[in-house]
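Mapped onto my numbering, the consecutive letters of the sequence shown carry residue numbers 1 to 928.
Just so it is clear, CB atoms sit at the ideal spot from N, CA and C, and this is done for glycine as well.
From a predicted model like this one, the values you see are computed outputs, not experimental measurements.
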Amino acid sequence: MDFLKRALIKKVVDDLICLNGTEFEYFCKPIFEIIVGEESIHKGSNLFAKPISRTVDFSTNNFEIVGQCGTDNDYFDVFGKKFKELINLKLENTKPIKDIKSALKNSSQCSKIILFANQEAKGGRLDSVNKVIRHIGIKQEVVILDSESIATIVAENIGNQRFIFSIIDYLPTASQIYSAISMQNDLPPLPHDFVVREDEKSIIEAINQSYVSVVHGVSGIGKSKIVLGIAHKLKAEFDSIIWVNLGEHKNFNFKSVKVGDFDNNLNLANLCSTYKTLVILDNFFGDVSDIKSEFESFARDESRVIITSLEKIADKEICFHLSEMTNSEAKEVIEKRIDIDSKYIDEIVEHIGGHPLCLELVCQIIREENYNNHEIHDFLEEIGQITEEIVQGKSQTISDLVIGKYAGKFRREFSLISLLGAEQVSNYIFNKILGARAIRNLEKVSLIVRSGVNYSSIHSIVLLSIKNLFDSATEIHDIKNELCEVLWVENEYKKSGYYSFCVMHNDLLNKLYRDNLCDKHRKSLLYAIIQTTDNLVFKSKLIAEIEGFDLSNNNFEDILLLIENIELKLISIDRKLHEEKYQLESDEMIQKLNKINSALADGSNIKLLVEHHIAKIYLWKGDVVTSRNLFIELLNKFPDSEQCMLQLARIYDNEKSYDEVEKYVDKVLGNVSPEQSYSVILSFYDLISNSKYKSCREKYIQNRVEDFVADISFTLRSSFDHPYRVLSSLSGYLGYNLPEAFKSLSYNLPAPDNANKNTKLMMAYADIQMALYRLYKYSNDENKEQKLVEISKLAEQYYIDSQPSNDYENLKVAKFFIEIGRYGQAGIYLDKIEKKDPFFYQNTAKRLRGMGDDEGAIIAIDKSIEGAKRGDCGAWFLPSFLNDKAEILIKSDINEAIKVIFEAIDKQNDLKTKKAWQAKADRWAANC
Numbered sequence: 001m002d003f004l005k006r007a008l009i010k011k012v013v014d015d016l017i018c019l020n021g022t023e024f025e026y027f028c029k030p031i032f033e034i035i036v037g038e039e040s041i042h043k044g045s046n047l048f049a050k051p052i053s054r055t056v057d058f059s060t061n062n063f064e065i066v067g068q069c070g071t072d073n074d075y076f077d078v079f080g081k082k083f084k085e086l087i088n089l090k091l092e093n094t095k096p097i098k099d100i101k102s103a104l105k106n107s108s109q110c111s112k113i114i115l116f117a118n119q120e121a122k123g124g125r126l127d128s129v130n131k132v133i134r135h136i137g138i139k140q141e142v143v144i145l146d147s148e149s150i151a152t153i154v155a156e157n158i159g160n161q162r163f164i165f166s167i168i169d170y171l172p173t174a175s176q177i178y179s180a181i182s183m184q185n186d187l188p189p190l191p192h193d194f195v196v197r198e199d200e201k202s203i204i205e206a207i208n209q210s211y212v213s214v215v216h217g218v219s220g221i222g223k224s225k226i227v228l229g230i231a232h233k234l235k236a237e238f239d240s241i242i243w244v245n246l247g248e249h250k251n252f253n254f255k256s257v258k259v260g261d262f263d264n265n266l267n268l269a270n271l272c273s274t275y276k277t278l279v280i281l282d283n284f285f286g287d288v289s290d291i292k293s294e295f296e297s298f299a300r301d302e303s304r305v306i307i308t309s310l311e312k313i314a315d316k317e318i319c320f321h322l323s324e325m326t327n328s329e330a331k332e333v334i335e336k337r338i339d340i341d342s343k344y345i346d347e348i349v350e351h352i353g354g355h356p357l358c359l360e361l362v363c364q365i366i367r368e369e370n371y372n373n374h375e376i377h378d379f380l381e382e383i384g385q386i387t388e389e390i391v392q393g394k395s396q397t398i399s400d401l402v403i404g405k406y407a408g409k410f411r412r413e414f415s416l417i418s419l420l421g422a423e424q425v426s427n428y429i430f431n432k433i434l435g436a437r438a439i440r441n442l443e444k445v446s447l448i449v450r451s452g453v454n455y456s457s458i459h460s461i462v463l464l465s466i467k468n469l470f471d472s473a474t475e476i477h478d479i480k481n482e483l484c485e486v487l488w489v490e491n492e493y494k495k496s497g498y499y500s501f502c503v504m505h506n507d508l509l510n511k512l513y514r515d516n517l518c519d520k521h522r523k524s525l526l527y528a529i530i531q532t533t534d535n536l537v538f539k540s541k542l543i544a545e546i547e548g549f550d551l552s553n554n555n556f557e558d559i560l561l562l563i564e565n566i567e568l569k570l571i572s573i574d575r576k577l578h579e580e581k582y583q584l585e586s587d588e589m590i591q592k593l594n595k596i597n598s599a600l601a602d603g604s605n606i607k608l609l610v611e612h613h614i615a616k617i618y619l620w621k622g623d624v625v626t627s628r629n630l631f632i633e634l635l636n637k638f639p640d641s642e643q644c645m646l647q648l649a650r651i652y653d654n655e656k657s658y659d660e661v662e663k664y665v666d667k668v669l670g671n672v673s674p675e676q677s678y679s680v681i682l683s684f685y686d687l688i689s690n691s692k693y694k695s696c697r698e699k700y701i702q703n704r705v706e707d708f709v710a711d712i713s714f715t716l717r718s719s720f721d722h723p724y725r726v727l728s729s730l731s732g733y734l735g736y737n738l739p740e741a742f743k744s745l746s747y748n749l750p751a752p753d754n755a756n757k758n759t760k761l762m763m764a765y766a767d768i769q770m771a772l773y774r775l776y777k778y779s780n781d782e783n784k785e786q787k788l789v790e791i792s793k794l795a796e797q798y799y800i801d802s803q804p805s806n807d808y809e810n811l812k813v814a815k816f817f818i819e820i821g822r823y824g825q826a827g828i829y830l831d832k833i834e835k836k837d838p839f840f841y842q843n844t845a846k847r848l849r850g851m852g853d854d855e856g857a858i859i860a861i862d863k864s865i866e867g868a869k870r871g872d873c874g875a876w877f878l879p880s881f882l883n884d885k886a887e888i889l890i891k892s893d894i895n896e897a898i899k900v901i902f903e904a905i906d907k908q909n910d911l912k913t914k915k916a917w918q919a920k921a922d923r924w925a926a927n928c
């Protein structure tokens, strides 16, 4: 099983322990339905009904199979005893047996009972329960699923998105692993009542024959849905499938594409040129000829683009016009949604024809309003009175009719949708403003569809109906204020859902920011906008916006913006050219913050924030002693401040006080909780990438790799470039010590946008690809050669686009070209390096050896060895240099090579490397 799926199982097990009885029942219902293959009857029937007592938790329609849930902490504990001891106990008092007996009492006709437990049955306890069941003579088949068994079912059905989205809200940590697994296949789920259309075959033929295909037709005719069905059908034929909802965005750039709820825009050009990729551009409005020529210029032969559009926007050869469903397809749509007399089915088709959206809207109102035959007749007469219009108009009219009927029931929900004004909406903001039930209620009537971990989708016609009805509603003003108040609170905590909302609805935040709102709300909006704006690229613009406000009130929002402004100003100064200006600006900022701090209440979060940044500025300006003392003093006042711990750990790391660093690593990574900042957690992982922290890496990465993967996965969609940088710094270690985990994470890592020139992000992504290249190069993977070509292509593109500008970056790029055997290109980057340190000479030696100049290589590697002995680098690098020398000598002087490799082995502290070198030395000795 794939590593990420194993990590998912562990996290599901962890999440299930936290569920209460009601939550666990709602979680298990879809699991029960997966097992039995049909919809179930749930006690309480739905989220709005009162639970019915004296009944099983859920069952099939004929009560042949029933399900029962248990959440007691000690559910399986007693079954740790030996069987002989167990049968002497009062077995009917043990929780599993009581649940089985209760199920039998309430559903005596059943032939099978499925027992769900949110606890793990360790140490053979499941076998003990099964033995007891047989011993006490229960005749019915009993299947017991502990948390690990349930988690395995979840992992086995990871491709069933509709199922996953029905349970994902109950799995806060496992959902992030799922997020990582699904990154390269970010498709919306297929609805359970999906109807396959005859037109699929013709569209698939068009896809096979052309790089770019266009499916066009009027709104509501089912373009997106038929293409979604095709994408799911073709999933196995592509390495990656990406769904891009363009809405009304006419500008499209393959190198910078907004996909789903990702924070970063993705570079689909690199993805399509490297991997066999299918891209769906839904609701495209632009010039297809430009898209087609651009795509053909870089795409791999097997990559494809499918475009959906309202109009025929390309040559006839690549276009497919989607018209109405056939009558049989239309009837199937109705029959899958409602159980009504066939005469009404015929009447609906007669009035509406084969327009899928109209059919779905009519069916949903009949079903949800529970219309009787008389009401169905009246409703269809009302539809029949709609004047004969063009199809698009009729779809819109029926949508308006249905939304009008729900207007009273969903007034606040529709007001929020109207304000958001997008076909993809953040679940986070719905939950914050309207509560968790809001999305479920809209899902129940099919007005909204859960499409991703963090977002849901609304059809454009339904959205237009809502906007037409509610754009001027009085509730809109209140919803705007409520949204800004949410930000006022959440700006301090910045949890994952917050980032997802700010990214998805960035246009709305900017629109509201320009609106005539009070300064308090505009400040909240600006701060949220800043959090999802690349401040390395847009420094000047952000500074100008912040300085447009009066920030003298000393409230939390003012100080948050003031600190952002200070940091933006300082990073805007080129210290190489203007060090004196940097020092003066820093001193001025410290004075300003000290003045503010003197007026703040002791022990408040706002005082912690200000004093923390004063200490941080001292650190930036180079006054480490003052900074350290301030952070120590601050930590005494706020002993739980992980930000202070992080800064102190960094200071001690620079001072090589490694024992002090490890104390703070243990305090933070040793006590991970849901309340912790993922930014701090990632920063500590980054810190221990230093090879001096071997024991920390073993303790907090190697020994709990699933937690590490979850922490990285949690932030991949919503923390800009931080997880990329952490993976980059740890890539060598992970590729060597945890290759399977690293491979899983790296393969699912999206290729970032390089249009905005975030060079650090591009360099980090290239470093990860470089480490992945080395992993495959020395592996026995059956697709090794293909992988090496794909990965090296990505790495080269991003290294070049990152525009290396210093010795450290140029050396990295040179190492990459040496690794892939392009020694001439490596020489170009080695020639740019000014400081000739041991690592420069090590890579020069590797390049010369690759070119066949062993004599020159020996001269270069000897300079590395001499430098290490002089202390020009860490002593722990000396064994690596000696190993390189031995590798060069092996062709000309095997005895000297063996002598040098044994010296390297003697000095090597890593046991895995030591063992590998010893095996190599033994092979050489055998050939003497």
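- Judged by DSSP in its simplified three-state form, L463 adopts helix.
- A direct Cα-to-Cα measurement between S224 and L568 gives close to 43 Å.
- Going by DSSP, S456 is part of no alpha helix (DSSP H) but of the beta strand (DSSP E) stretching over 455–457.
- Counting C-beta atoms within 10 angstroms of its own C-beta, D507 has fewer than 16 neighbours from the protein chains shown and is therefore classed as exposed.
- Residues of the same chain with a CB within less than 7 Å of the CB of E492, apart from the 5 flanking positions on each side, are F556 in chain order.
- The three-state reading of DSSP puts T913 in helix, counting H, G and I together.
- The stretch 295–311 makes contact with the stretch 202–220, as at least three CB pairs between them are under 8 Å.
- For R304, the enclosing beta strand (DSSP E) starts and ends at 304–309.
- Boundaries for H578: no beta strand (DSSP E) harbours it, and the DSSP string shows neither H nor E there.
- Beta-bridge annotation (DSSP): D640 is not paired with any residue.
- Just so you know, the alpha carbons of S107 and D146 end up roughly 22 Å apart.
- In this structure H722 is buried. Its beta-carbon is surrounded by 16 or more other beta-carbon atoms within 10 angstroms.
- Ranked by how close their Cα comes to the Cα of K667, the residues Q643, S657, V425, I651 have Q643 in first place.
- Annotation: E23 to G67 spans about 15 Å, alpha carbon to alpha carbon.
- Within the model, the alpha-carbon separation for I461 versus C518 is close to 33 Å.
- Annotated three-state conformation of F252 is coil, per DSSP.
- Its chain contains S792 as the residues whose beta carbon lies nearer than 6 Å to that of I820, once the 5 sequence neighbours on both sides are disregarded; these appear in chain order.
- L171 places its beta carbon 9 Å or farther from that of L4.
- With contacts defined as CB atoms closer than 9 Å, R411 and A438 fail to qualify as a contacting pair.
- Cβ atoms of K607 and I571 stay farther apart than 8 Å, at about 25 Å.
- The bridge partners DSSP lists for V244 are L281.
- Assignment of G670 by DSSP, reduced to helix, strand and coil, places it in the coil class.
- Scanning its chain for C-beta atoms nearer than 6 Å, with the 5 sequence neighbours on each side dropped, one finds around C69 the residues F24, E25, C28, D57, F116, in chain order.
- Every alpha helix (DSSP H) of 4 residues or more that sits fully in the stretch 183–229 is shown, in chain order, as 199–209.
- If you draw a straight line from the Cα of Q842 to the Cα of K863, it comes to about 8 Å.
- With contacts defined as CB atoms closer than 9 Å, Y527 and E564 qualify as a contacting pair.
- Just measuring C-alpha positions, the residue of K523, Q702, Y455, V227 sitting nearest Y499 is Y455.
- Non-local C-beta neighbours of V36 in its own chain, meaning closer than 7 Å and more than five positions away in sequence, comprise T60, I65, ordered along the chain.
- Taking a 10 Å sphere around the C-beta of V661, we find 16 or more other C-beta atoms and assign the residue as buried.
- For K331, the enclosing alpha helix (DSSP H) covers residues 327–337.
- Membership of C69 in the beta strand (DSSP E) is indicated by the continuous run 65–70.
- Ranking D707, Q702, Y765, A710 by CA distance to the CA of S729 puts Y765 first.
- Ranked by Cα distance from V218, the first of A7, S309, K258, N927 is S309.
- Of E324, D287, H232, the smallest CA-CA separation from E311 is found for D287.
- Secondary-structure assignment with DSSP links A766 through no beta bridge to anything.
- The beta carbon of E294 lies closer than 7 Å to those of F254 in the same chain, with the five residues before and after it left out.
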